[in-house]
Amino acid sequence: MAADNQAMRNEEPLSPLSRLFSLPGQDCFNIITIGCKTEGNPHAVVEGLKNTLINHPRFSSILETGHGEHNVKAKWIPTKVKVEEHVIFPHIDPNIENPDQFLEDYTTKMAISPMDKSKPLWEFHLLKLKTSHAGSVAVARFHHSLGDGMSLMSLLLACTRKTCDPEALPTFVVPKKSNATYACLSLVTWFWFIVRLLFHTCVEIFKSMVIVCFAGDKATPLKGKPGATVSINKFIHRIISLDDVKLVKNAMNMTVNDVLLGIVQAGLSRYLIQRYGKSLYFFPSFRNSKSRKLLEKSLHGVVLFNLRPNRNIEDLAKMMEKGSKSRWGNSIGYVLFPLWIRLEKDMLEYIRRAKVTMDRKKLSLEPLFSFALLKLTMGVLGIKAVKNLVTSIFSRTSVIFSNVVGPDEEISFFDHHISYIAASACGLPQGLTIHIQSYVKKVIINLAVDLNVIPDPHYLCDLLIESLQSMKSAVLEMNSHKLEV
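Put into structure tokens, the structure is as follows:
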């Protein structure tokens, strides 16, 4: 009885979003690919995980959901973890012809295969595979009930150290906030700010609720046929220069996120128009209307927001060392972002449009409202209602977009010098998910696609990269013209 009482005290109830992600048929996984400059050492990874990751309560617990969606006893149950069972070292032919293609196929199989829920829901696959950008590859798979993408990525990075200082945690570029500026604001300025905040919050929430409840994207090239089952079955990633992105950002006096959203809009515009052209008229949403005008109003993306005040990577590292507490779990909001889909001659127009839209979204409480809406729905109506709400949100939009800031110095993962990090997710009813991760001077674009919706994702990647190069050329030409004047 004493042992049973101790086990009951150690059990931890599931958060609402963790319950949602653990429902039958609703499994959602985070897939993180880590490219290393050196050959993989399974023993070093196993020993490293024993001293870090499994000390986190979620990674040393079994997910117990019971039977049925209305079970109120869903919880995390602590267990003894055998790390060797979670680190997989598959045999790979060293003379494989196309290692990049093999990696794409391997990550896809990981994403669509079920997880053994009798064990903690995480695993690492160490691939002795030399690709275009890495000497070996580690692919981590985390069940989304463990936490959202930001918390999982932060926890993983808390296991790494700087290559220049093996005892130091990674550092990140954090936007500076000027407290002096806010302190000098007059009462009138504060009043005007609050008025604008309330106005944009009401407008943006109203528009998002109309999309979720009544309107939304109908049959479009990015959604496939009505009623079709969307299933991610391809992962690909490309690496571009962060310096190129910053060059455009500085010239336009905007943020990196504005530039990345502009690149996505430009790439999608060219992909849809070049691939489908006049055939866009055959989609029900575009009949009896000019395709470009209707495209502008029809396509929406879900842009994910991290609701934590900071990254807290030091707290996460301490948690794995001493079992201390840090804010954890799924804490993400979202905004519905209207995509500017049209063929612009001025490539920089896509960035301007992205900035205008994102400035409105940032000057609103839409991300907080979206998170609160899910929690309120869970508390009042239950898990089934939350499932229906989430399905409605993603079935009425066309793209998921997220951007994660990575370390600005090179790091190592248990003595493995990291070349790049590519993150993505699967399990949501979307045909296209775009995750962008920065690392030192690189930007990694990771696409998770349904090949029935986007049969040629490599071509879409090419157009995204071409869009950045066109924007860079436009900026250089603009600067050159200014110097001549």
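Take the sequence shown: its letter number 47 is residue 47 in UniProt numbering, and every next letter is one higher.
Yeah, the Cβ is synthetic: ideal placement off N, Cα and C, and Gly gets one too.
Residue j beta carbon less than 9 Å from that of residue i
i: Ile54; j: Val83; result: yes
i: Leu460; j: Leu268; result: yes
i: Tyr334; j: Ser370; result: yes
i: Thr255; j: Lys355; result: yes
i: Ala385; j: Thr397; result: no
i: Phe87; j: Phe142; result: For the record, residue 87 in the displayed sequence is Val; it is not Phe. Not closer than 9 Å, so no.
i: Lys128; j: Ile92; result: yes
i: Gly147; j: Leu155; result: yes
i: residue 488; j: Leu222; result: No information on residue 488 is available, as it lies outside the stretch 1 to 485 that the chain covers here.
i: Tyr420; j: Ala111; result: no
i: Ala251; j: Met478; result: yes
i: Asp450; j: Gly427; result: no
i: Asn51; j: His416; result: no
i: Val440; j: Pro407; result: yes
i: Met358; j: Asn253; result: no
i: Arg389; j: Val212; result: The displayed chain sequence assigns Leu, not Arg, to residue 389. Yes, Cβ-Cβ distance for Leu389 and Val212 is below 9 Å.
i: Phe413; j: Cys159; result: yes
i: Ser186; j: Leu304; result: no
i: Met209; j: Met347; result: no
i: Phe172; j: Val405; result: yes
i: Pro170; j: Glu349; result: no
Burial state of residue i (16 or more Cβ within 10 Å)
i: His435; result: buried
i: Leu260; result: buried
i: Asn446; result: buried
i: Asn30; result: buried
i: Ser132; result: exposed
i: Leu368; result: exposed
i: Leu20; result: buried
i: Thr107; result: buried
i: Gln469; result: exposed
i: Gln274; result: exposed
i: Asn98; result: exposed
i: Ala448; result: buried
i: Arg270; result: buried
i: His67; result: With a pLDDT of 49 at His67, under the threshold of 50, the predicted position of this residue should be treated as unreliable, and no value is reported.
i: Ala423; result: buried
i: residue 489; result: Here the chain comprises residues numbered 1 to 485, so residue 489 is not present and cannot be evaluated.
i: Gly301; result: buried
i: Leu280; result: Note that Leu280 scores a pLDDT of 49, beneath 50, so its modelled location is shaky and nothing firm can be said.
i: His43; result: exposed
i: His70; result: With a pLDDT of 47 at His70, under the threshold of 50, the modelled position of this residue cannot be trusted, and the question is left open.
i: Trp122; result: buried
i: Asn95; result: exposed
i: Leu336; result: buried
i: Glu85; result: exposed
i: Pro114; result: exposed
Rounded distance between the beta-carbons of residue j and residue i, thought under 8 Å
i: Trp340; j: Gln265; result: 5 Å
i: Phe59; j: Pro120; result: 6 Å
i: Pro457; j: Lys234; result: 6 Å
i: Ile232; j: Ala140; result: Contact flag wrong, Cβ pair sits at about 17 Å.
i: Thr38; j: Ser151; result: Wrong, their Cβ atoms sit about 28 Å apart, outside the cutoff.
i: Thr433; j: Ile393; result: Actually they are not in contact, since the Cβ atoms of Thr433 and Ile393 sit about 14 Å apart, beyond 8 Å.
i: Ile236; j: Glu104; result: 6 Å
i: Ile332; j: Ser467; result: With a Cβ gap of about 27 Å, Ile332 and Ser467 do not count as contacting.
i: Val475; j: Val248; result: 5 Å
i: Glu204; j: Arg360; result: 6 Å
i: residue 521; j: Gly35; result: The shown model of the chain, from 1 to 485, leaves out residue 521, and the question about it has no answer.
For residue i: DSSP bridge partner residues
i: Tyr439; result: Lys442
i: Asn30; result: Phe142, Ala425
i: Arg270; result: The partner list for Arg270 (beta bridge, DSSP) is empty, contrary to what the question assumes.
i: Tyr276; result: Its beta-bridge partners do not exist; DSSP assigns none.
i: His91; result: Paired residues: none, contrary to the question.
i: Lys162; result: Ile411
i: Ser402; result: His435
i: Tyr334; result: Leu304
i: Cys36; result: Ser136, Ile418
i: Phe235; result: Ala448
i: Phe124; result: Val87, Ala140
i: Ile383; result: None; Ile383 has no bridge partner.
i: Ser241; result: Lys442
Chain D within 9 Å of residue i, Cβ atoms only
i: Ile445; result: The question asks about chain D, but that chain is absent: this structure has only one protein chain.
Heavy atom of the ligand HEM within 8 Å of residue i beta-carbon
i: Gly147; result: The ligand HEM is not part of this structure, which contains no ligands at all.
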